[in-house]
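**Student:** I have a structure here, written as structure tokens, and I will follow up with some questions on it.
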Amino acid sequence: MSDKNTLYWKANIRLMLVLLSIWFFVSFGCGILLSDYLDQFHIFGFKLGFWFSHQGAIFVFVLLIFIYAWQMNRLDKKYGAS
Amino acid sequence: MSATALTYLFVGLSFSLYIGIAIWSRSDSTKEFYVAGGHVHPLANGAATAADWMSAASFLSMAGIIAFEGADGARYLMGWTGGYVLLALCLAPYLRKFAKFTVPDFIGERYYSRTARLVAVVCVIFISFTYISGQMRGVGLVFSRFLEVDINTGVIVGMAIVFFYAVLGGMKGITYTQVAQYCVLIFAYLVPAIYISLMLTNNPFPMFGLGSFMAGEEVYLLDKLDGLSTELGMSAFTASNKSTIDMFFITAALMAGTAGLPHVIVRFFTVPSVRDARISAGYALIFIALLYTTAPAVAAFARINIIDTLNEIKYADAPTWFTKWEDSGLIAWIDKNEDGHIQYRGGNALDPRTPAYIDAEGKEGQRLLSNKATSNENELYIDRDIVVLAHPEIAELPNWVIALVAAGGLAAALSTAAGLLLVISAAISHDLLKMTFRPEITEKQELLYARISAAVAIGIAGLFGIYPPGFVAQVVAFAFGLAAASFFPVILLGIFSRRMNKEAAIAGMITGLSFTFSYIVFFKFISPELNNAAHWWFGISPEGIGTLGMLLNFTVSFVVMNITPPPPPDVLALIDNIRLPEQEEN
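Here it is, written out as structure tokens:
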């Protein structure tokens, strides 16, 4: 692959790994592993751990996909159309 | 109008809409039949993906499961949505760049191997048929309860509708009917939820109503529900009963399985560009999240309403929906203390758990059972699948809402069935015939074979609906476990590793599949009496074992790819190409 394509691929991987770490943290982290601990805090009428696993994680998932699409369009512009 | 008349009206209207779309969107080429010509708008594809994905299980069963299991239901909520993050970030854009028709297409070409393609075809067909049988039960359930026809007639009507738009329209017909079906199903899910949320919490948004005060009280709905539940000897709604490791593994298996399900992946072949595939996954997840974040609210509301309307009520005064579902065999009451009142408590009321009726009536007119009474005080059995369907009646909502829910349940089941049928038909006509055994057939013949295999698949699916195999509920774990242990690792490594080769892919898939398959078969069929945490490996239930199968697949692949030759240069060029940014289209 040419340098430009290698840079594009590396930037893509970096973005993906950052977003996947957040994905892991909100679902497996807050929603499962830390859920019992977080349940001592409250957000409105929800216990926090319960909220993450039932709603919060899902809201974050949606955000992550849109951030990815938006950032990748930027990368496409920067490196694409050679 | 009566609820039945309204249901006929709504179901009739929605069915005519689907048929109208089918006539308008006929497919005349294989590209239209398999991937709707590749020019579906990303927003339309998002809605179609949501309907494709949200099946009878999401619409009918999920809230019911959460209503009875409480916090543990989160494995479905996170598992079935988190998979979209994997799909959008790791798979969909690259598969779109690859620009072919099916998942076995990718596996066959990336691994330059007919064997790999055939293994993939077998998995696709097995997974899809497993999944379809669940949809047919959903169709039968709605028809028998709301339209008062027998289940067989219901299944045949449903099959006829799907036949019409799947065989005529292929992916093109399916896509636009799915868009319509999404609108029907989400409207049908949200309207009763909003009604009930207003009644219980004064909050018009059910997903936020769940975190609000009870209407007219200074106490949070969830706290009240937890109190009510523990008082009756049930576990609190927000308390988790599953072990952390099992929750972790099940959620992971559902996520990876979701990302690896062929009928979902193939939807991303239908959009015009890679860019569209990425944003389309986002739209799909918004549409899905609308239902998924409402589901726990529906579940909590239903548990409150069920306790309120049934507990300590005299059987003779029970609401009419109660006896109707009892007639359908999905509710049972066993008067343990012979006081004529329904005691709803924690624990299973019956032994064995599901009711077996005998042809006789009890003192109060209830259907008698051959089950033994358990030693706890609970006298009530409620099938989880009826919660969503019965809830509008439980909450005494107007008849048109009840009719709407029936139409929504049918939309959810039919849209998923159609997507699965298409995947099966493409696997047969494209992968098995055109690409493997009969490469000489023309495009016209391939299209004809595609229609024939769709028609045959509908017939088989119909038989599953009419003669439901007893193991349907047992094998749902299969579909996700197998997708997680086979497709997900192979596709992922195929994109992200240039070293990944044919030998590793085949060895990995076979290891993942046979391990997962044997584990599930052992605990579900061979020795069901051992199916408990004490005997599971590392405390992982058959539902979550796909994750371990996936890890095994990864491990075997890593080892094998490093001791066998790398892929040939044309395959390396293919990998480089799917990773490249898209050329500007003009």
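Just so you know, the protein sequences line up as chains A and B, in that order. Going by numbering that gives the first Met the number 0, the letters in the first sequence line up with residues 0 to 81, in that order. Going by numbering that gives the first Met the number 0, the letters in the second sequence line up with residues 0 to 585, in that order. The beta-carbon is built from N, C-alpha and C at its ideal position, and this holds for glycine as well.
Can you tell me whether residue 23 of chain A is buried or exposed, with buried defined as 16 or more other CB within 10 angstroms of its CB?
**Tutor:** Counting Cβ neighbours within 10 Å, residue 23 of chain A comes out exposed, since fewer than 16 surround it.
**Student:** Rounded to the nearest angstrom, how far is the Cβ of residue 198 of chain B from that of residue 394 of chain B, given a contact under 8 Å?
**Tutor:** Rounded, the Cβ-Cβ distance is 7 Å, consistent with contact.
**Student:** In chain B, which residues lie less than 9 Å from residue 17 of chain A when you measure between Cβ atoms?
**Tutor:** Result: empty, since nearest Cβ-Cβ is about 10 Å, beyond 9 Å.
**Student:** Out of B:138, B:456, B:558, B:248, state which residue places its alpha-carbon closest to the alpha-carbon of residue 78 of chain B.
**Tutor:** Closest by alpha carbon: B:248.
**Student:** Take residue 551 of chain B as the anchor and find which of B:509, B:567, B:525, B:63 has the nearest alpha-carbon.
**Tutor:** The candidate whose alpha carbon is nearest that of residue 551 of chain B is B:509.
**Student:** Report, in whole angstroms, the separation of the C-beta atoms of residue 47 of chain B and residue 174 of chain B, which I expect to be a contact under 8 Å.
**Tutor:** Their Cβ separation, rounded to whole angstroms, is 5 Å, which keeps residue 47 of chain B and residue 174 of chain B in contact under 8 Å.
**Student:** Could you tell me which residues DSSP puts in a beta bridge with residue 212 of chain B?
**Tutor:** Note: residue 212 of chain B sits in a beta bridge opposite B:219.
**Student:** Report the three-state DSSP secondary structure of residue 331 of chain B (helix, strand or coil).
**Tutor:** Residue state, collapsed to three classes: strand.
**Student:** Does residue 210 of chain B get closer than 8 Å to chain A when you measure Cβ to Cβ?
**Tutor:** So, interface residue.
**Student:** Which of the three DSSP states is assigned to residue 73 of chain B in this structure?
**Tutor:** DSSP places residue 73 of chain B in helix when its eight states are reduced to three.
**Student:** Is there contact here, the stretch 323-342 of chain B with the stretch 351-361 of chain B, by at least three beta-carbon pairs under 8 Å?
**Tutor:** Cβ pair count under 8 Å is three or more, so yes.
**Student:** Could you list which residues in chain B have their beta carbon closer than 8 Å to that of residue 10 of chain A, in chain order?
**Tutor:** By Cβ distance, chain B contributes nothing, its closest Cβ being about 10 Å from residue 10 of chain A, past 8 Å.
**Student:** Drop a sphere of 10 angstroms on the beta-carbon of residue 580 of chain B, count the other beta-carbons inside from all chains shown, and report buried for 16 or more, exposed for fewer.
**Tutor:** Buried is the call here.
**Student:** Could you name the residues of the stretch 21-50 of chain A whose beta carbon sits closer than 8 Å to any beta carbon of chain B, in the order they occur along the chain?
**Tutor:** From the stretch 21-50 of chain A, only 22, 26, 27, 30, 31, 32, 34, 35, 38, 42, 43, 44, 45, 46, 49, 50 have a Cβ closer than 8 Å to chain B.
**Student:** When we look at the beta-carbon of residue 1 of chain A and count the other beta-carbons within 10 Å, is it buried (16 or more) or exposed?
**Tutor:** The residue in question, residue 1 of chain A, is exposed, as its Cβ has fewer than 16 Cβ neighbours within 10 Å.
**Student:** Is DSSP giving residue 534 of chain B helix, strand or coil here?
**Tutor:** In this structure, residue 534 of chain B counts as coil in the three-state DSSP scheme.
**Student:** Could you tell me if residue 50 of chain A is buried or exposed, where buried requires 16 or more neighbouring beta carbons within 10 angstroms of its beta carbon?
**Tutor:** With 16 or more Cβ atoms within 10 Å of its Cβ, residue 50 of chain A is classed as buried.
**Student:** Can you tell me whether residue 5 of chain A is buried or exposed, with buried defined as 16 or more other CB within 10 angstroms of its CB?
**Tutor:** When all chains shown are included, residue 5 of chain A counts as exposed.
**Student:** Only counting the same chain, and skipping five residues up and downstream in sequence, which positions put a Cβ closer than 8 Å to that of residue 495 of chain B?
**Tutor:** Taken in chain order, the residues that qualify are 89.
**Student:** With a cut-off of 8 Å on the beta carbons, I'd call residue 73 of chain B and residue 41 of chain A a contact; round off their distance for me.
**Tutor:** About 17 Å; that fails the 8 Å criterion.
**Student:** On the criterion of 16 or more Cβ atoms from any shown chain inside 10 Å, does residue 534 of chain B qualify as buried, or is it exposed?
**Tutor:** Exposed, since its Cβ has fewer than 16 Cβ neighbours within 10 Å.
**Student:** State yes or no: is the C-beta of residue 269 of chain B within less than 8 Å of the C-beta of residue 425 of chain B?
**Tutor:** No, Cβ-Cβ distance for residue 269 of chain B and residue 425 of chain B is not below 8 Å.
**Student:** Note down the Cα distance separating residue 538 of chain B from residue 276 of chain B, rounded to an integer number of angstroms.
**Tutor:** In a straight line, the C-alpha of residue 538 of chain B is about 38 Å away from that of residue 276 of chain B.
**Student:** Listing by chain order, which chain B residues have their CB less than 9 Å from the CB of residue 2 of chain A?
**Tutor:** Ordered by position in chain B, no residue passes the 9 Å Cβ test against residue 2 of chain A, which lies about 13 Å from the chain.
**Student:** Could you pull out every residue in the same chain whose Cβ sits closer than 6 Å to the Cβ of residue 21 of chain B, ignoring the five residues on either side in sequence?
**Tutor:** Result list for residue 21 of chain B: 163, 164, 167, 168, 172, in chain order.
**Student:** In whole angstroms, what is the alpha-carbon distance linking residue 416 of chain B and residue 216 of chain B?
**Tutor:** Going from the Cα of residue 416 of chain B to the Cα of residue 216 of chain B covers about 44 Å.
**Student:** Nearest by alpha-carbon distance to residue 54 of chain B: which of B:124, B:290, B:202, B:503 is it?
**Tutor:** Answer by Cα proximity: B:290.
**Student:** If you count every other CB in all the chains shown that lies within 10 Å of the CB of residue 148 of chain B, and 16 or more means buried, which is it?
**Tutor:** Exposed, because fewer than 16 other Cβ atoms sit within 10 Å of the Cβ of residue 148 of chain B.
**Student:** Using a Cβ-Cβ cutoff of 7 Å, what residues of the stretch 273-302 of chain B are near chain A? List them in chain order.
**Tutor:** Answer set for the stretch 273-302 of chain B: 274, 277, 278, 280, 281, 284, 285, 288, 291, 292, 295.
**Student:** Determine the closest residue to residue 306 of chain B out of B:66, B:25, B:452, B:51, with distance taken between C-alpha atoms.
**Tutor:** If we check each option's Cα against that of residue 306 of chain B, B:66 comes out closest.
**Student:** Flag residue 90 of chain B as yes if its beta-carbon sits less than 8 Å from any beta-carbon of chain A, otherwise no.
**Tutor:** Cβ-Cβ to chain A under 8 Å: no for residue 90 of chain B.
**Student:** Using 8 Å for Cβ pairs, my map puts residue 370 of chain B next to residue 350 of chain B. What's the rounded Cβ distance?
**Tutor:** Between residue 350 of chain B and residue 370 of chain B the Cβ distance is about 6 Å, and since that is below 8 Å, they are a contact.
**Student:** Can you tell me where the alpha helix (DSSP H) holding residue 389 of chain B begins and where it ends?
**Tutor:** Segment 386-393, the alpha helix (DSSP H) holding residue 389 of chain B.
**Student:** With DSSP as the reference, identify every bridge partner of residue 360 of chain B, one or two as the case may be.
**Tutor:** B:366.
**Student:** Report all residues from its chain with a CB closer than 6 Å to the CB of residue 442 of chain B; omit the five preceding and five following residues, and keep chain order.
**Tutor:** Within the same chain, residue 442 of chain B has close Cβ partners 29.
**Student:** Run through the DSSP bridge pairs and tell me what residue 349 of chain B is partnered with.
**Tutor:** Looking at the DSSP assignment, residue 349 of chain B forms a beta bridge with B:372.
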